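Structure, as structure tokens:
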Amino acid sequence: MDIQKVSKLANLVLTSTQERDFEKEVSEVIEFGINKLSTVDVQNIDPSFVITQNVGIVDKDEPIPSLEINQVLQNSQGTKEDLFKIKAVFE
37 MDIQKVSKLA NLVLTSTQER DFEKEVSEVI EFGINKLSTV DVQNIDPSFV
87 ITQNVGIVDK DEPIPSLEIN QVLQNSQGTK EDLFKIKAVF E
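All residue numbers for the sequence shown refer to our numbering, where the first residue is 37 and numbers rise by one.
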């Protein structure tokens, strides 16, 4: 796993020691999850089984209270007026 890439995406600054520790911890968590999932008995479960009855329920599209624009943009690496400023995605 590329910890430097993950930390950059998460906007985290890690020391080399923290990177090493984080890489070890993430690997252990992933390994634990894979091992745990491999013990689940799925022999008698239909592949299209849904555990909730909430299939196809859509909430109304109504405005709700939210953050002020300055709060939203305060942790952004770049802004222009009231917008996020990012590097070009396409060339």
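For every residue, glycine included, the Cβ atom is placed at its ideal position computed from N, Cα and C. Owing to the predicted nature of the structure, the values given are computational and were not obtained by experimental measurement.
Residue pairing for K72: DSSP places it in no beta bridge.
With contacts defined by Cβ atoms closer than 7 Å, I39 and E59 form a contacting pair. Secondary structure at K116: strand, using DSSP grouped into helix, strand and coil. When rounded, the separation of the alpha-carbon atoms in Q113 and K123 is 10 Å. In this structure, D118 places its C-beta atom within 7 Å of the C-beta atom of I105. Per DSSP, reduced to three states, the secondary structure at T88 is coil, with no helix or strand assignment.
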